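The sequence shown lines up with residues 7 to 483 when you count with my numbering.
Note that the Cβ used here is the ideal one computed from N, Cα and C, for glycine as well.
Note that this is a predicted model, so its numbers are computed, not measured.
Inspection log for the structure reproduced underneath, given as structure tokens.
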Amino acid sequence: MTQAPPDLPLRALFDAQFHASRAQIEVPLTLRHDRLRRMRALIDAHGTELADAVQADFGVRSRQLTEVADFFVLRALLSDLKKHLAAWTRPQRVATPIYLQPARAHIQRQPLGVVGIIGPWNYPLQLTLGPAATALAAGNRVMLKPSELTPHTSALLATLLHQAFAADELCVVQGGADVAHDFASLPFDHLFFTGSTAVGRKVAAAAAANLTPTTLELGGKSPCIIDPSCDLASAALKIAHGKLLNAGQTCIAPDYLLLPSGREAEFEQAFAGAVARLFPTIAGNPDYAAILSDRHHARLQAMLSEAQAQGARVAEIVPQVQAGAPIAASGRQMNPTLVFNTQPGLRLLKEEIFGPILPVLTYDRLDDAIGVINAGPRPLALYWFGSDSAARERVLQQTVSGGVTVNDTLMHIAHENLPFGGVGESGWGAYHGETGFLRFTLQKPVLLQSRFAMGSLFYPPYGARFDQVMGLLKRWL
Ligand code: NAD
Numbered sequence: 007m008t009q010a011p012p013d014l015p016l017r018a019l020f021d022a023q024f025h026a027s028r029a030q031i032e033v034p035l036t037l038r039h040d041r042l043r044r045m046r047a048l049i050d051a052h053g054t055e056l057a058d059a060v061q062a063d064f065g066v067r068s069r070q071l072t073e074v075a076d077f078f079v080l081r082a083l084l085s086d087l088k089k090h091l092a093a094w095t096r097p098q099r100v101a102t103p104i105y106l107q108p109a110r111a112h113i114q115r116q117p118l119g120v121v122g123i124i125g126p127w128n129y130p131l132q133l134t135l136g137p138a139a140t141a142l143a144a145g146n147r148v149m150l151k152p153s154e155l156t157p158h159t160s161a162l163l164a165t166l167l168h169q170a171f172a173a174d175e176l177c178v179v180q181g182g183a184d185v186a187h188d189f190a191s192l193p194f195d196h197l198f199f200t201g202s203t204a205v206g207r208k209v210a211a212a213a214a215a216n217l218t219p220t221t222l223e224l225g226g227k228s229p230c231i232i233d234p235s236c237d238l239a240s241a242a243l244k245i246a247h248g249k250l251l252n253a254g255q256t257c258i259a260p261d262y263l264l265l266p267s268g269r270e271a272e273f274e275q276a277f278a279g280a281v282a283r284l285f286p287t288i289a290g291n292p293d294y295a296a297i298l299s300d301r302h303h304a305r306l307q308a309m310l311s312e313a314q315a316q317g318a319r320v321a322e323i324v325p326q327v328q329a330g331a332p333i334a335a336s337g338r339q340m341n342p343t344l345v346f347n348t349q350p351g352l353r354l355l356k357e358e359i360f361g362p363i364l365p366v367l368t369y370d371r372l373d374d375a376i377g378v379i380n381a382g383p384r385p386l387a388l389y390w391f392g393s394d395s396a397a398r399e400r401v402l403q404q405t406v407s408g409g410v411t412v413n414d415t416l417m418h419i420a421h422e423n424l425p426f427g428g429v430g431e432s433g434w435g436a437y438h439g440e441t442g443f444l445r446f447t448l449q450k451p452v453l454l455q456s457r458f459a460m461g462s463l464f465y466p467p468y469g470a471r472f473d474q475v476m477g478l479l480k481r482w483l
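Here is the structure:
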């Protein structure tokens, strides 16, 4: 199918989708599968061009990084949807309580209608096409607003999606904050937003005016706790990987470390070893992404300068090339950096970092580490490293976060059977797997009454028979 890119105004695009969704309320399984197949074909046929567009937007970001962090995740999602779609779509029988028998009941799963999706720049394919595919699988129409900060990727995505989908099935709207605000103000049946907590508040406010339900996939400060029982060498490699993937521009990257006091030097050495193993060089190494823009780079540098001015020790990890001469990062590539001896109140400790900087806070008692986490907004992710299962259980029970990986970083996001989302300031509503399908589905309760129904026993006038029935029921309930 080839369609001209929709050049209709925003409201007309919405109206077209709205009317189409009301004209075809039941969306056949074959059509849903076909839409998923078209999405998969788009990725397979144009993956290289799309990865090149991402590289152009970042300045430095290898195709392989986009392959693993965007396409691999998308393919896994699409194949999971394909495998389970029939079972997830069919009506779900539920048991009927004795006082309603012999009625029968089921939950009918229906598309919501028109879903709006607003995406961020950091994984510009996974975080737009992933929710879009899930919403299509659930039988919805989708309007997608990718980030204006990845213009090459967003433009190519729009061209390719408009070739593969009719505008009233899936359309792309491009633009900056003004367009995004107007987009969020449309009366969608559901609005799915991935981005910062600050913008998430605006999205929730705009959606509230229409009583549009939202899913907010936001950011925050995800802690990483090192337990005294932890093998630091192996933990450091996993922390370095989770922190430095996409140069720290990952919503669930470990944002700060909580380390037992006295192990700073050991951790610094282990982390430097891990960086050298993952990124033998930084400058010009395409595996090590650049910071997206000069503005984002300057913000990170300002955070480091503030920390340094207030007495923190800033330890840049500069890999040694074969000749032994350190080569510093150049352009917007930024060396991995640990920050020790931080003072409370630093921006590094207040704002989501979203770059390759890891502040290291020390603690003496586990309660102190838990106290630090619980004093802040509830994080999107939490990481714990160690072998002491009692300490692990205390952390799991006494902290609240959107998700947890134990003895690794990031990996809970890759598990399709785990709901992915935030809590409190890191967002609300989860997706992935069946949770994602249900996010974009109306679960409509249906009760099929029997002609032998005994409901009239509960009708007025309330006399002796009513009292007898209630007396009997009291014994059961
Ligand atoms: P952002 O909030 O600045 O922008 C996200 C999107 O919101 C963009 O498409 C932008 O155009 C749009 N937008 C801007 N103003 C708007 C408005 N008034 N109304 C509606 N939409 C508006 O986020 P970003 O800088 O692109 O991404 C980084 C942030 O996203 C980080 O905080 C990160 O933690 C978070 N994030 C979260 C997840 C997750 O799954 N929870 C994933 C990736 C990124």
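CB contact flag (residue i, residue j, <8 Å)
i, j, result
"V178", "L162", "no"
"L224", "G206", "yes"
"R110", "S27", "no"
"A173", "A289", "no"
"F443", "W127", "no"
"G439", "N413", "no"
"F64", "L298", "yes"
"G361", "L306", "yes"
"V324", "N341", "yes"
"L386", "I258", "yes"
"A144", "T441", "no"
"A253", "A282", "no"
"I376", "T405", "yes"
"L310", "D195", "no"
"T220", "A210", "yes"
Identity of the residues DSSP links to residue i by a beta bridge
i, result
"R147", "V120"
"H112", "R99, V452"
"F194", "F194 pairs with nothing; no bridge assigned."
"R319", "F346"
"P229", "Y262"
"T200", "E223"
"G433", "E223"
"A215", "DSSP lists no partner for A215."
"L163", "None, per the DSSP bridge assignment."
"Y369", "P266"
"W390", "I231, V412"
"F426", "Y437"
Cβ-heavy atom distance, residue i to the ligand PLP, below 7 Å
i, result
"A82", "The ligand PLP is not part of this structure, which contains only the ligand NAD."
Residues near residue i in its chain [Cβ-Cβ closer than 7 Å; skip 5 each side]
i, result
"L453", "A109, A111"
"Q132", "A75, D76, V79, L80"
"A313", "V320, V345, T348, L352, L354"
"A186", "I124, K151"
"Y105", "L479"
"A29", "none"
"S520", "Given that the chain is displayed from residue 7 to residue 483, the structure contains no residue 520 and the question cannot be resolved."
"P193", "N216, T218"
"L55", "The amino acid occupying residue 55 in the given sequence is Glu; Leu does not appear at that position. L162."
"R44", "A170, F171"
Exposed unless 16 or more other CB atoms sit within 10 angstroms - verdict on residue i
i, result
"S407", "buried"
"Q339", "buried"
"F458", "exposed"
"M476", "exposed"
"Y465", "exposed"
"L84", "buried"
"G317", "exposed"
"D473", "exposed"
"Y129", "buried"
"Y468", "exposed"
"E32", "exposed"
"P264", "The question names Pro, but residue 264 is Leu in the sequence shown. By the 10 Å Cβ count, L264 comes out buried."
"A141", "buried"
"D86", "buried"
"E175", "buried"
Own chain, CB closer than 6 Å to residue i, minus 5 neighbours either side, in chain order
i, result
"Q328", "Note that Q328 scores a pLDDT of 40, beneath 50, so its modelled location is shaky; the value from the coordinates is reported in the next line. Taken in chain order, the list of residues that qualify is empty."
"F24", "V120"
"A242", "A276, F277, A280"
"A57", "R69, T72"
"E272", "L238"
"L222", "F199, G206, G433, W434"
"F391", "I232, C236, A241, N413"
"I359", "D261"
"G53", "F77"
Cβ shell of residue i (< 8 Å), same chain only, five flanking positions each side left out
i, result
"L19", "P12, M149, A173, C177, V179"
"M417", "T411"
"Y389", "S228, P229, C230, I231, I245, G248, P260, V410, T411, V412, D414, T415"
"E270", "F346, V366, T368"
"E431", "T203, L224, G226, P383, R384"
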